[in-house]
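Have a look at the structure below, then the notes.
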Amino acid sequence: MNRLVVAGLAGCLGLSACSNPAADQAPVRPEAYSDEWFALSDPAFGARYLGVNMHDTEHAKAGRLVLADGSAVALRVLPPDQADGDVRFIAPALGVSYTASLQPDSEWRGRWSEPGSEAAEVVLTPRAEAIVETGGQFVVLPDGRRMHMVCTGEGSPVVVLDYGAGGTVKKDWGAIAVAIADKAQTRVCAYDRAGRGLSDPGPMPRNAAAVVADMDGMLTAAKLPPPYVLIGHSLGSYHVRLFANTFPDKVGGMVLIDPSGDGQLERFNAAIPKLAELQAAQSSAQAELDCVNRLRVAPAPPNDPLAQQCGGNDPDAMEATLSEIEQMPGASTQQLTASHRSYGDMPLVVLTRTDYERDMPTDFTAEDRANMRKIWEEMHTEMAALSQQSWHRFVPGASHYIQRDNPEAVVEAAADVVTALRAASH
15 MNRLVVAGLA
25 GCLGLSACSN
35 PAADQAPVRP
45 EAYSDEWFAL
55 SDPAFGARYL
65 GVNMHDTEHA
75 KAGRLVLADG
85 SAVALRVLPP
95 DQADGDVRFI
105 APALGVSYTA
115 SLQPDSEWRG
125 RWSEPGSEAA
135 EVVLTPRAEA
145 IVETGGQFVV
155 LPDGRRMHMV
165 CTGEGSPVVV
175 LDYGAGGTVK
185 KDWGAIAVAI
195 ADKAQTRVCA
205 YDRAGRGLSD
215 PGPMPRNAAA
225 VVADMDGMLT
235 AAKLPPPYVL
245 IGHSLGSYHV
255 RLFANTFPDK
265 VGGMVLIDPS
275 GDGQLERFNA
285 AIPKLAELQA
295 AQSSAQAELD
305 CVNRLRVAPA
315 PPNDPLAQQC
325 GGNDPDAMEA
335 TLSEIEQMPG
345 ASTQQLTASH
355 RSYGDMPLVV
365 LTRTDYERDM
375 PTDFTAEDRA
385 NMRKIWEEMH
395 TEMAALSQQS
405 WHRFVPGASH
415 YIQRDNPEAV
425 VEAAADVVTA
435 LRAASH
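Note that this note's numbering has the sequence shown beginning at 15, numbered continuously upward.
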C-alpha cells in the first residue's frame, strides 16, 4: 500500500485531512539569511525558465524555479551529504534535477536533467534583481523560511483557509477562495503549510503546535490584521481550533469542514477493530517503500512508476504529511485538548458529510461504515457545542471532501460567519 493511499485513507476516515492571485509582493527577508537569484545560461533552458531562486533558512537551503509565464515550482534542495556536488536540487513538479559546484565567480556549474531529454551542462549566473513572480506572495518567517500565500478580495475580517493532510492551495481551494471573497466581500487567503506547494520545509515533527506557530508568524509578517475567520478541512480543523484556543483575541469565527475530532483514533479503533490491523499493515508498507529517502537519492518524474507507487514524487511534501498524520493521535491531540476552551458566542459552522460510501476502505462492511458515521457525527456535535452561536450542517451527497463535492456549502458557511461577526462588531 503506497504513501498516497496512506494519506488518502487517513483523509477518508477523517484521521487527517487531507483564485485570483494577490498583487506580487517581494518578500522582506532577515539580513541573516542569504537570498540569491540566478539566470540559466543555456538559451534553450532560458526560454522556458526565467530563473532560479535559492535562499538559506535556519534549517536548510530552499528555493524555487520560475517558469516563463512567471509562475513557480518548488525546489527541494538536498542536504550536502546527499549531493554529488556542492548543491543538488530537484523540482518534483517537473521532474527536473540539477547537481552543480560553486565556481570562484559565484556561478553554479553542473548537469541539468529533465524527463525525456539528455542531461545538459547548465550554468546558473547570479542576477542582480529578483524576478517578478505571479501566483501569490511569499512571506518570510523569522527563521528565514518562505510561506506561500494566495490572497484575493478586499475587506475585513480576513478569511484564512487551511487544507487537510496531503492537500495544496490549488487542489483544495482553487475558485472557492474567489467565491468566498465575492459573496462575503472580504479578503480571503489560502496558504501552503511547510513542505507543501511553494512553502519551504520546516523542522520536524510537524505537529499542530508547529503549524499554528507558522500560521501566526505568517499572518503577522504579512500584516494581515485580526480578527480572522479560520476555515479548516479535516486535519486542518486541528490547526484552526488550536489557533483559536491559543490566540482567542485573534479569531472571530470558524468554519470546520468535515473536521477531525479529538481522540478519534481510539474511538474508531474501539468501534471498528479491523482498523488497527489496517493501520499496522499501512505502517509496514510505508517502511518497506521508504519513499522519502528513495526519492531524495533518485528523483523521479511525476509519472514515473516509483512516484505512482509512492503517491507522489515530492519527498519534502511526503515527509511533512506523514509527520502530521503520525503526530495527530499523540502530540497534536494533547496540544488541542490541553488548550480546550469554550468559544462563547463566536460564530461557528460545522459541515458534515453524508456520503460514507466513497473513500472508504474496500473491506469495510455496512456495519463498519455505520459505526464510522455514528462516531463522526458525535464528534461534530461536540465541536458545534463549543459555541453558543453555532450551526451544524449536513451536506447532502458530499463525501469527506465537501469543498470539492459541494463548494457552495463552504462558500455559504463562510459568508454566514463573516456576516455574524460583522453584526456582532456593530
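We put the beta carbon where it would ideally sit given N, CA and C, even for glycine.
- With contacts defined by Cβ atoms closer than 8 Å, A191 and L175 form a contacting pair.
- Taking the C-beta atoms as reference points, G246 is found no nearer than 8 Å to P287.
- Membership of G77 in the beta strand (DSSP E) is indicated by the continuous run 75 to 81.
- Under the 8 Å Cβ criterion, the stretch 376 to 395 counts as touching the stretch 277 to 294, having at least three qualifying pairs.
- The stretch 97 to 111 makes contact with the stretch 304 to 324; the number of CB pairs closer than 8 Å reaches 3 or more.
- Excluding its 5 nearest sequence neighbours in each direction, R123 has C-beta neighbours in its own chain below 7 Å: A114, S115, Q117, V137, listed in chain order.
- Between V91 and V80, the C-beta gap is not smaller than 8 Å, which leaves the two residues out of contact.
- At a Cβ-Cβ threshold of 8 Å, W126 and F59 count as neighbours.
- With respect to the 8 Å criterion, P140 and Q341 are not classified as neighbours on the basis of their beta carbons.
- Counting only residues of its own chain and dropping the five nearest sequence neighbours on each side, A224 has a CB closer than 8 Å to the CB of A208, G216, P217.
- Across the set Q323, D56, Y415, the C-alpha of Q323 shows the shortest separation from the C-alpha of E302.
- If you look at A204, you'll find it in the beta strand (DSSP E) that goes 202 to 205.
- Taking a 10 Å sphere around the C-beta of R372, we find fewer than 16 other C-beta atoms and assign the residue as exposed.
- When the alpha-carbon of E121 is set against those of K197, L54, D330, A428, the nearest one is in L54.
- Contact annotation: L350 and D276 have beta-carbon atoms nearer than 8 Å.
- Contact check between the stretch 385 to 405 and the stretch 164 to 171: fewer than three CB pairs, one atom from each, fall below 8 Å, which does not count as touching.
- Under the 10 Å beta carbon count, P57 is surrounded by fewer than 16 other beta carbons and is classified as exposed.
- According to the DSSP assignment, W187 belongs to no alpha helix (DSSP H), since it is labelled neither H nor E.
- For R372, the secondary structure class from DSSP, reduced to helix, strand or coil, is coil.
- Assignment of beta-bridge partners to S115 by DSSP yields R123.
- Contact between E50 and G158 is ruled out by a C-beta separation of about 13 Å, above the 8 Å threshold.
- If you draw a straight line from the Cα of G358 to the Cα of L400, it is about 7 Å long.
- The C-beta of F408 has fewer than 16 other C-beta atoms within 10 Å across all chains shown, which makes the residue exposed.
- Pairing I416 with E391, the inter-Cα distance amounts to about 15 Å.
- Checking the DSSP bridge columns, you'll see N67 partnered with W51, R78.
- Apart from the 5 residues on each side of it in sequence, D186 sits with its Cβ closer than 7 Å to the Cβ of Y177, H247, Q417 in its chain, given in chain order.
- Taking 8 Å as the cut-off, the beta carbon of G84 is found closer than this to the beta carbon of E147.
- According to the DSSP assignment, E396 belongs to the alpha helix (DSSP H) that extends over 380 to 398.
- A straight-line Cα-Cα distance of about 10 Å links Y112 and E135.
- DSSP places D176 inside the beta strand (DSSP E), whose first and last residues are 172 to 176.
- The residues M161, H162, D206, in chain order, have a CB closer than 6 Å to that of S213 in the same chain once the five nearest residues on each side in sequence are set aside.
- With 16 or more other CB atoms across the displayed protein chains lying within 10 angstroms of its CB, P361 is buried.
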